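Numbering (full-length UniProt numbering), first residue to last: 1 to 205.
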């Protein structure tokens with residue numbers, strides 16, 4: 001199976017998963033009284049994995065990856081928006097089931113309050129807020145309408161990456177935090193590499 005076929009299968013699979021995820025989110029509001037925290041925690045784990053995957057194509061492209069890594073970049077590139085959308089929907093499930101529904105049931109504050117809410121929850125909450133405009137503009141219409149602003153808005157994912165990294169690090173999740181911090185660093189390094197690469201190419205013309 002060539003990489004184009006793999007890319008097509010991945011794209012269609014992620015599209016189905018995205019629709020299912022929002023159906024599940026809607027249905028879950030009928031089960032607010034249920035203890036969905038264990039599932040919510042697992043959704044958070046998957047949200048982080050989708051965040052990693054959605055970041056890889058851009059990093060590999062800026063580093064001018066070749067060979068096997070280039071194949072990964074090409075396969076993931078077409079589905080990058082789908083991966084980002086899935087990351088957001090799973091992050092929403094994580095927030096709803098692990099935090100919002102739980103707080104409603106025990107009569108606690110549903111909005112984080114400084115001094116009362118643990119810092120890791122602040123980090124996660126603001127990371128999710130940052131991702132909202134990215135999700136809302138993750139479509140072709142927004143690309144055409146916003147033009148250069150679309151690129152600027154979607155660079156907020158770099159900031160969200162660091163909020164997520166601290167969100168998991170403050171919970172003692174060493175492996176997840178290490179990978180997220182590493183990808184955040186690679187994002188910065190890839191941009192520096194890309195700028196230097198482009199500058200050298202321009203000077204060589």
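Ideal Cβ positions, reconstructed from N, Cα and C, are used throughout, including at glycine. As the structure is a computational prediction, the values presented were derived from the model and not from experiment.
Local conformation of residue 93 per DSSP, three classes:
Three-state DSSP puts residue 93 in a helix.
Report buried or exposed for residue 22, applying the criterion of at least 16 other Cβ atoms within 10 angstroms of its Cβ.
Exposed is the call here.
Option nearest residue 41 by Cα separation, candidates 184, 178 and 168:
Comparing Cα positions, the closest option is 168.
Endpoints, the alpha helix (DSSP H) within which residue 103 is located:
Going by DSSP, residue 103 is part of the alpha helix (DSSP H) stretching over 101-106.
Between which residues of its own chain and residue 15 is the CB-CB distance below 8 Å, once the five residues before and five after are set aside?
If we look at residue 15 and ignore the five residues flanking it on each side, its Cβ neighbours are 82.
Does the pairing of the segment 156-163 with the segment 24-37 give three or more beta-carbon distances under 8 Å?
Contact between the segment 156-163 and the segment 24-37 is absent: fewer than 3 CB-CB pairs across the two stretches fall below 8 Å.
Rounded straight-line distance, which links the Cα of residue 148 to that of residue 19:
The straight-line gap from Cα to Cα measures roughly 29 Å.
Kindly indicate which residue of 4, 64 and 52 has the alpha-carbon position closest to the one of residue 179.
Ranking the options by Cα distance to residue 179, first place goes to 52.
Going by DSSP, what residue range makes up the alpha helix (DSSP H) through residue 24?
Annotation: the continuous alpha helix (DSSP H) that includes residue 24 extends over 3-28.
So what's residue 206 in DSSP terms, helix, strand or just coil?
The structure shown does not extend to residue 206, since the chain is modelled only from 1 to 205, so the question has no answer here.
Is the beta carbon of residue 79 closer than 9 Å to that of residue 183?
No, the Cβ-Cβ distance between residue 183 and residue 79 is not below 9 Å.
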